[in-house]
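If you're matching positions, the sequence shown starts at 9 in this note's numbering and goes up one per residue. Positions of the beta carbon are idealized from the N, C-alpha and C atoms, including for glycine.
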Amino acid sequence: MPDAITVGFVPFSTARRGILVVFCDDALKFGPATSKILGRVAGLAGRAAATNQFKGKSCSTLDILAPGGLKASRLIVVGAGKLSALKDEDFLKLGGTAAGKLGASKEPVTIVAELPSGPMEPDQAAALAAGVRLRAYRFDRYKTKKKDGEDTALRGEISLAVGDVGAARKAFAVRAHVVDGVIIARELVNEPPNVLYPEEFARRASRLRKLGIEVEILDVKAMNKLGMGALLGVAQGSARPGRTVIMRWNGSKRGDQPVAFVGKGVCFDTGGISIKSAGSMEDMKGDMGGAACVVGLMHALAARKAKVNAVGAIGLVENMPDGNAQRPGDIVTSMSGQTIEIINTDAEGRLVLADVLWYVAKKFKPKFMVDLATLTGAIMVALGTEYAGLFSNNDELAGRLTEAGLATGERVWRMPLGPEYDKQIDSQFADMKNTGVRHGGSITAAQFLQRFVDGTPWAHLDIAGTAMGAPKTEINQSWSSGYGVRLLDRLVAEHYESKR
Ligand code: MN
Ligand code: ZN
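1. If you follow the alpha helix (DSSP H) that T452 is in, where does it begin and where does it stop?
2. By the three-class DSSP mapping on this structure, what secondary structure does E394 have?
3. From the DSSP output, in three-state form, read off T118 for me.
4. Taking Cβ to Cβ, would you say P127 is nearer than 8 Å to V170?
5. At 3 residues or longer, and completely inside the segment 216-279: list those beta strand (DSSP E) runs for me, N to C.
6. Is it the case that the CB of V274 approaches a heavy atom of ligand 2 more closely than 7 Å?
7. In whole angstroms, what is the alpha-carbon distance linking G87 and A412?
8. What are the residues that DSSP puts in a beta bridge with G331?
9. At what residues does the alpha helix (DSSP H) containing W366 begin and finish?
10. Check this for me: beta carbons of D1 and N317, under 8 Å apart or not?
11. Comparing the CB of G279 with every heavy atom of ligand 1, is any distance shorter than 7 Å?
12. For S167, does the count of other Cβ atoms within 10 angstroms reach 16, so buried, or fall short, so exposed?
13. With burial defined as no fewer than 16 other Cβ atoms inside 10 Å of the residue's Cβ, what is the status of P414: buried or exposed?
14. G492 to S21, Cα distance in whole Å?
15. Is it the case that the CB of D379 approaches a heavy atom of ligand 2 more closely than 7 Å?
16. Please give me, in chain order, every unbroken run of the beta strand (DSSP E) with length at least 3 that falls completely inside the segment 101-188.
17. Identify the continuous alpha helix (DSSP H) that holds G298 and give its terminal residues.
18. Quick check: what's the CA-CA separation for K65 versus M440?
19. Shortest alpha-carbon distance to P19 belongs to which of G241, V197, D172?
20. Checking 8 Å against the spacing of the C-beta atoms, do G139 and K90 come in under that value?
21. How big is the Cα-Cα spacing for G279 and A355?
22. Considering only the beta carbon of each residue, do K375 and V267 sit closer than 8 Å?
23. Can you grab the Cα-Cα spacing for the pair S506 / W421, in whole Å?
24. Unbroken alpha helix (DSSP H) runs of length 4 or more, entirely within the segment 458-507: which are they?
25. Would you mind giving the Cβ-Cβ distance between P124 and F38, rounded to the nearest angstrom? I have them listed as a contact below 8 Å.
26. Helix, strand or coil for T443, going by three-state DSSP, please let me know.
27. Assuming contact is defined by CB atoms lying nearer than 8 Å, are I483 and G104 in contact in what I supplied?
28. Quick one, which of R177, V187, P249 has its alpha-carbon nearest Y205's?
29. Among I119, A310, S344, whose alpha-carbon lies nearest the alpha-carbon of K460?
30. On the DSSP letters alone, give me the boundaries of the beta strand (DSSP E) that L28 sits inside.
31. Taking Cβ to Cβ, would you say R312 is nearer than 8 Å to V186?
32. May I have the straight-line CA-CA distance separating G323 from V274, to the nearest angstrom?
33. Hey, V223 and F269: beta-carbon distance below 8 Å or not?
34. If you run the structure through DSSP and keep just helix, strand and coil, what is A213?
35. In this structure, how does DSSP classify I350 when only helix, strand and coil are distinguished?
36. Consider the C-beta atom of E290 and the heavy atoms of ligand 1; say whether any pair is separated by less than 7 Å.
Pasting the structure below:
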């Protein structure tokens, strides 16, 4: 990835010049290597902490300029809070917090990866480094001028001082691929819709071939032949033709059943004939956040050579009002043979996913399918931007996703499914209709999807609140979060890779 920064690892003994970042706990204690580096300045930090009411709380910072007695020009103390409770996600946040304090400085930076309890484990140091990179990402390709002081992008080489340089490097080599995957997903979501339309999205996905991923692109003719009438009904209103992209990573030699990930890729959603109101319609460039996550995830799995067989499948369309657009009242026939009455053309994501889910279930017979979609505004009403909605027909899969969510900080909250909800999408004219009643809208959307999974263990993640426009965090300052890449990479790593 073309990052503006590079992250390297050095031994504790070289941490001296430039900007120095160190960690303390909520008792303002430093680790032994940090104390040695700081020497008598450790006492100065204590006094500065007292005057600044710095208590070492998690992700709080204390900034000391030109600390006398140190060669460093600036000392930044980052609080790690209570040490007993630190999870993987916390190390990402600590790295992100450190990076957030650095600004556009051209000086060398050393981050001392040590806690009061001692050197961070290689994997913890790698998480810290990942947090630095995730925080440093920004999307400013289309800004031709920068106002004074506006360019605060982090640049140059950032060194992490660690106990075991080789082990930290090795751990980060794996993790860096996952960070790349997150950044790929963010980049796709941030791109404007005149640049990123279905064919261009497919072209970008085909870059994954360089990593050994098989990429197959189904054009309109191929999708017609397969009978993908639900997806094509959405696509027909746009001058830009739709595409379905199938990505296959065969990392397990044993002809294992694959795991499968399916993404909604509505490159722009006007609502179609049931057109949306103008307010914030520009955000609908992000209605392909599910597809972006699948591409980022496939990158991560292949680049780190995950020992798993994985399928990624994305349905790419643009939902536009047009003389040829589908109408409310139309009845389309999906690839499964089930017919769908269109009630609202703005409920298009489920129509796209219906055909892609069916295709994947039938063609690959996967161990499970997880789909991701910026599917409903209703999920934001329920969960805000903190959790994605999780719907599943399989308790084991749902439990594993919940665990992976807690570990990575990409959290999910399980929502109900059931026959009472399902019958709300029965139609008087066709097998089903594409919307239910006003209430429980994210649930009836999930019920609709379930009719196309053919009994495959399945989970649906409604990421409308988490993929884009969520509040800025320690590890993300851009509009798009890249949500789901770390979550699903973790799910695969914990449960579905063959051990050899
Ligand atoms: Mn829509
Ligand atoms: Zn949509």
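Let's see:
1. From DSSP, the alpha helix (DSSP H) with T452 extends over 449-458.
2. Per DSSP, reduced to three states, the secondary structure at E394 is coil, with no helix or strand assignment.
3. DSSP places T118 in strand when its eight states are reduced to three.
4. Their beta carbons are under 8 Å apart, which means P127 touches V170 by this criterion.
5. Runs found: 222-226, 251-258, 267-277.
6. Indeed, a heavy atom of ligand 2 lies less than 7 Å from the Cβ.
7. Their Cα atoms are separated by approximately 25 Å.
8. Bridge partners of G331: none, in fact.
9. In this chain, the alpha helix (DSSP H) harbouring W366 covers 357-372.
10. This structure cannot settle anything about residue 1, because the visible part of the chain is limited to 9 through 508.
11. For G279, the distance from the CB to the nearest heavy atom of ligand 1 is below 7 Å.
12. Its Cβ being crowded by 16 or more others within 10 Å, S167 is buried.
13. A small correction: the amino acid at residue 414 is Leu; Pro does not occupy that position in the sequence shown. Exposed, since its Cβ has fewer than 16 Cβ neighbours within 10 Å.
14. The straight-line gap from Cα to Cα measures roughly 38 Å.
15. Checking the Cβ of D379 against ligand 2 gives no.
16. DSSP runs (the beta strand (DSSP E)) wholly in the segment 101-188: 117-120, 164-170.
17. Element bounds for G298: 297-311.
18. Going from the Cα of K65 to the Cα of M440 covers about 53 Å.
19. Looking at G241, V197, D172, the one whose alpha-carbon comes closest to that of P19 is D172.
20. For G139 and K90, no; Cβs fall outside 8 Å.
21. Between G279 and A355, the C-alpha separation is close to 8 Å.
22. It is a contact, given that the beta carbons lie within the stated cut-off.
23. Between S506 and W421, the C-alpha separation is close to 28 Å.
24. As far as the segment 458-507 is concerned, its whole alpha helix (DSSP H) runs of at least 4 residues are 493-503.
25. Confirmed, about 6 Å.
26. DSSP places T443 in coil when its eight states are reduced to three.
27. Yes; because the gap between Cβ atoms is below 8 Å, this pair is in contact.
28. Cα-wise, what sits closest to Y205 is P249.
29. Checking the displayed sequence, the identity of residue 460 turns out to be Phe instead of Lys. Checked all of I119, A310, S344; the closest Cα to F460 is S344.
30. L28 -> beta strand (DSSP E) spans 27-32.
31. V186 sits close to R312, with the two beta carbons spaced by under 8 Å.
32. Those two C-alpha atoms are separated by around 8 Å.
33. The beta carbons of V223 and F269 sit no closer together than 8 Å.
34. If DSSP states are grouped into helix, strand and coil, A213 belongs with the helices.
35. Coil, per DSSP.
36. No.
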